[in-house]
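First residue of the sequence shown: 0, per numbering that gives the first Met the number 0; consecutive thereafter.
Heads up, the beta-carbon is just placed ideally off N, CA and C, and yes, glycines get one too.
These figures come from a predicted structure and were not determined experimentally.
Below is one structure, written out as structure tokens; the observations come after it.
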Amino acid sequence: MIISAPADYREAARRRLPPFLFHYLDGGANAEHTLRHNVEDLSGIELRQRVLRDVADLSLETELFGTRMAMPVVLAPVGLAGMYARRGEVQAARAAAAKNIPFTLSTVSVCAIQEVQAASSAPIWFQLYVLRDRGFMRDALERAQAAGVTTLVFTVDMPVPGARYRDAHAGMSGPNAGFRRMVQAVTHPRWAWDVGLHGRPHDLGNISTYRGMPTALEDYIGWLGANFDPSIAWRDLEWIRDFWKGSIVIKGILDPEDARDAVRFGADGIVVSNHGGRQLDGVRSSARAMPAIADAVKGELKLLADSGVRSGLDVVRMLALGADAVLIGRAFIYALATAGEAGVANLLRLFDAEMRVAMTLTGVKSIAEIDRSALAG
């Protein structure tokens, strides 16, 4: 398959991956209304075309938490990324470092913090959930700081897992899931050779390091269900704010009041996000939520956003709505599953090119110039 646009990677990944992995990545909660609206609402944002604006010296560079970045894009935390390509988190982190943008490692990554940071030429970010096992949280924070992680992304919109029916249909969970996954692996030989045979160990590296024993895919859903904590509140994050020496970003904000709470808490940034439509179906898309949140807290902390971003054009749209930077998740995992590090690197080149076209035709030369004046109407 010839890859000429970011969207091409989705179909390429679908062909290569066993269904249980593709649908785990591609699916959302319940009837997936929010999943669809994330994409539709963002792609429906109309930009204001301007001409004869002299944009010859256009630059995508920006600064986030004291670090200069080549473009306002961050690779988002995606659980089990190491199952989509051989040691997938390592490959993605290398591609991000080569482009000079951040890579965010998930709590439930296949590769542990130390393995990923050792392979990357730049500091990575680390994502953490609020879990019942506070010992694991402290251990993860200590290991992240020891590895030189500069930014902590705290995901707060998952006190319980969402109702993801595609997982049971595809074999990620449900009756005979292990057998179904084995059959799917056999019928997808390229993935089986690259990841199934040569991508081991297939466990949750950060959790296994803490437990001192392997935490395999079979244990993944059960461990998450047992450790998510619906009793969490802002007070439960205070010890983390006091402990962590770097920047703290709160991920999973959709309401202006929660954004104001994040400011009062002392967060350095928030991610306007509905978890890619994977948690509460029927909530607002990130694109629709962003303007009111920007009106409430813009300038008091850094505004990031995810959910529904599939192209460089979408990045410009989200910046125009009020974001300072954008996280991409599914988009880079599709590319990772298709061609590993090279796929992610190429995706970032495509995003870069699309952003330059969009900025040229909206008449802006820098990321700081992109605001609501770039929107039509």
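Pick from the options that is closest to residue i, judged by C-alpha positions
| i | options | result |
| --- | --- | --- |
| D305 | A330, A291, A4, G281 | A330 |
| P71 | I100, A96, E88 | I100 |
| F64 | D254, A319, K244 | K244 |
| R277 | R85, Y8, A4, A30 | A30 |
| L279 | G307, G376, V159 | V159 |
| S42 | L312, D351, G328, N345 | L312 |
| I332 | V270, R133, L346 | L346 |
| A162 | A373, L34, I123 | L34 |
| A145 | G173, I112, R133, P18 | I112 |
| W238 | Y164, V148, V129 | V129 |
| G211 | D138, A232, G81 | D138 |
| L318 | Y209, E60, L303 | L303 |
| R416 | G224, S310, I252, A293 | Lying before the first or after the last residue shown, residue 416 is absent from the chain, which here runs from 0 to 376. |
| A97 | R86, P122, R179, L104 | P122 |
| A94 | E141, A322, V343 | V343 |
| L20 | I366, L335, L104, A291 | L335 |
| S172 | L196, P76, L216 | L216 |
| Q48 | T154, I366, M358, G281 | M358 |
| A286 | K297, L253, D260 | L253 |
Reduced DSSP secondary structure (H/G/I, E/B, other) of residue i
| i | result |
| --- | --- |
| V315 | helix |
| V129 | coil |
| A215 | strand |
| D138 | helix |
| S207 | helix |
| A352 | helix |
| K98 | helix |
| R165 | helix |
For residue i: DSSP bridge partner residues
| i | result |
| --- | --- |
| I327 | L74 |
| T150 | W124, S246 |
| L104 | F125 |
| D202 | A215 |
| L374 | L46 |
For residue j and residue i, the rounded distance between their alpha carbons
| i | j | result |
| --- | --- | --- |
| V356 | S230 | 46 Å |
| V194 | G339 | 11 Å |
| A184 | G265 | 46 Å |
| A341 | S119 | 15 Å |
| R234 | D156 | 16 Å |
| D53 | L326 | 29 Å |
| L127 | V182 | 33 Å |
| N407 | L320 | Missing from the structure shown is residue 407; the chain here goes from 0 to 376 and no further. |
| request: Could you tell me which uninterrupted beta strand (DSSP E) segments, each at least 3 residues in length, are contained entirely in the region 227-309, listed from first to last along the chain? | output: 246-252, 268-271, 301-304
| request: Scan the region 12-85 and note each continuous beta strand (DSSP E) run of 3 residues or more that stays entirely inside, going in chain order. | output: Listed in chain order, they are 61-63, 66-68, 72-74.
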